[in-house]
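Residue numbers (this note's numbering), protein chains in the order written: chain Y, 1453 to 1580; chain Z, 45 to 367.
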Amino acid sequence: MMAHWKITARLAACGLGIALVAAMPEGPSAGETADAASSAAVHIDNFSFTPPTLVVAPGTTVTWTNADDSPHTVREKDGNFKSAALDTDDTFTQTFTVPGEYQYFCSIHPYMTAKIVVKPGAKLSSSN
Amino acid sequence: MAEHDQKELLTAASVNRRGLLKCMAWAGTGVLWTVSGGVPRSLGLLGEAAAAETQTSGLTFLQISDSHVGFDKPANPNALGTFQEAIAKINAMPTSPAFIIHTGDITHLSKDKEFDDADQAMKALKQTVHVIPGEHDVADADNGKLYLDRYGKGTQGKGWYTFDAGGVHFIALINVFNFEPGFKSAGLAKLGDEQLEWLEKDLAGRSASTPIVVLAHLPLWTIYEQWGWGTEDAPRALGYLKRFGSVTVLNGHIHQIQQKVEGNVSFYTARSTAFPQPAPGSAPAPGPMKVPAEELHSVLGVRTVNYVPGKSPLAVIDTPLSA
């Protein structure tokens, strides 16, 4: 599991990761996007990310929305993506093209953690 | 051990609530704290005259913290305004403090405009302001670049530094860059190896009789692990400080007064100038706490610290903004 993650992270870090940066239209290859859900949401409320685990297909754009009075950030643990501070009702979006498990946390309240799992063929789902 | 900690926390929380009520009852005055025989105790009400007398000897400096400039939510719709009020109060003090320290969370969202507004407000102060960042000051997408561009000049590593005043050695530590994400741990703050090695070197060769004042944004003792209110590698820093006769640690972050004495080390957290936060564990989360508007100024405040050479305890006086 750990080793697998590291490989994914390394791949992401060298080139494939470009696809992570933004929802650029050039990105995803044909097979990955055809039946993929195009968007998914994570709510930040009462100092937690909901759902704590979100499983999406490659090509999905995830939007985080902060409903708290307190600001939060979304930071992937190896730095693959990071938002600026999100004030109340601010959003952050990230498009996931590379399969893998992305653990992230709030850099202002580091005990807040969650993850995005990118899996080919996944229908939008979440678990606790 | 967990049970023991829990018990301690519950005690701390209830003491704090009691303390808070006391402070409210004392609105309009300062509260003088003194450390005697290793136990901090309140000397009670402080008239203006007594405050002036305390501050005329030795070194007096002032701590402000957690101004959260940019915050405009119900807990305080105008955090810049209450910061300016605090500054006006400092300027109106009968005895001017030698300098000011700001223990972090200058801004709320690390935005340029917020830093500009905070700087503009602090320009009204006659004294030098020594600042350290809180996690809210390094929450920009560039991991603190805005803060370091502004305040990092002449500092070491990621902004840490020392200075000396009145025979006291001040050490400004930064514990908002190396958080341990809470995947497998509590998600506490960290000082990091580079800073700890620098600290060890800085302290080596100093006389154990040098009074030390340490500044850090997050507490250097674990007040409430579940909310990340602590610093994971603080014990290493405190190990280097152990041989010194008088060590005072001044923190911000938790927006309320908590204190503890361990050996020769006294720990204090300060009030915010912006909004209060709940006592440890007394709410589901540590967010801004809304109190009735007429009570807000009694839970915000500034702190003066007086050091008289030859006597090891530093007198710490917390003054609510309503005073």
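Heads up, the beta-carbon is just placed ideally off N, CA and C, and yes, glycines get one too. Since the model is a prediction, treat every value here as computed from it, not as a measurement.
| Asked | Found |
| --- | --- |
| Can you pull the DSSP bridge partners for LEU370 (chain Z)? | Because chain Z is modelled from 45 through 367, residue 370 (chain Z) falls outside the range shown and cannot be assessed. |
| Mind listing which residues of the segment 217-243 of chain Z have their C-beta closer than 7 Å to chain Y's C-betas, in chain order? | PHE223, GLU224, PRO225, GLY226, PHE227, ALA230 and GLY231 |
| So for ILE131 (chain Z), helix, strand or coil by DSSP? | helix |
| Answer with yes or no whether the minimum CB distance from LYS170 (chain Z) to chain Y is below 8 Å. | no |
| Do PRO255 (chain Z) and GLY211 (chain Z) have their CB atoms nearer than 8 Å? | yes |
| With a threshold of 8 Å, are at least 3 pairs of Cβ atoms found where one atom belongs to the segment 183-197 of chain Z and the other to the segment 225-239 of chain Z? | no |
| Counting only the same chain and skipping the five closest in sequence on each side, list residues whose C-beta sits under 6 Å from that of PHE347 (chain Z). | The amino acid occupying residue 347 (chain Z) in the given sequence is Arg; Phe does not appear at that position. Same-chain partners within the cutoff: GLN107, ALA314 and ASP362. |
| Look at the alpha carbon of GLY178 (chain Z) and the alpha carbon of PRO1551 (chain Y), and state the distance between them as a whole number of angstroms. | 35 Å |
| Specify the secondary structure class of GLU1528 (chain Y) as computed by DSSP and reduced to three states. | strand |
| Please work out which residues of its chain come closer than 8 Å, Cβ to Cβ, to ASP1520 (chain Y), disregarding the five sequence neighbours upstream and downstream, and give them in chain order. | ILE1496, ASP1497, ASN1498, PHE1499 and THR1540 |
| Pull up the distance between the alpha-carbon of GLN128 (chain Z) and that of ALA165 (chain Z), whole angstroms please. | 6 Å |
| Ordered along the chain, which non-local residues of its own chain (more than five positions away) have a Cβ less than 8 Å from that of GLY102 (chain Z)? | GLY210, ASN350, TYR351, VAL352 and PRO353 |
| Is the CB of ASN1498 (chain Y) under 8 Å away from at least one CB in chain Z? | yes |
| Determine, using beta-carbon pairs with one atom in the segment 289-308 of chain Z and one in the segment 234-250 of chain Z, whether at least three such pairs fall under 8 Å. | no |
| Cα separation between HIS174 (chain Z) and PHE143 (chain Z)? | 8 Å |
| Can a CB atom of chain Y be found closer than 8 Å to the CB of LYS117 (chain Z)? | yes |
| Is there contact here, the segment 258-266 of chain Z with the segment 289-302 of chain Z, by at least three beta-carbon pairs under 8 Å? | yes |
| Does any residue of chain Z bring its CB to less than 8 Å from the CB of ILE1568 (chain Y)? | no |
| Using Cβ-Cβ distances below 8 Å, what residues of the segment 323-334 of chain Z are close to chain Y? | PRO328, ALA329, PRO330, GLY331 and PRO332 |
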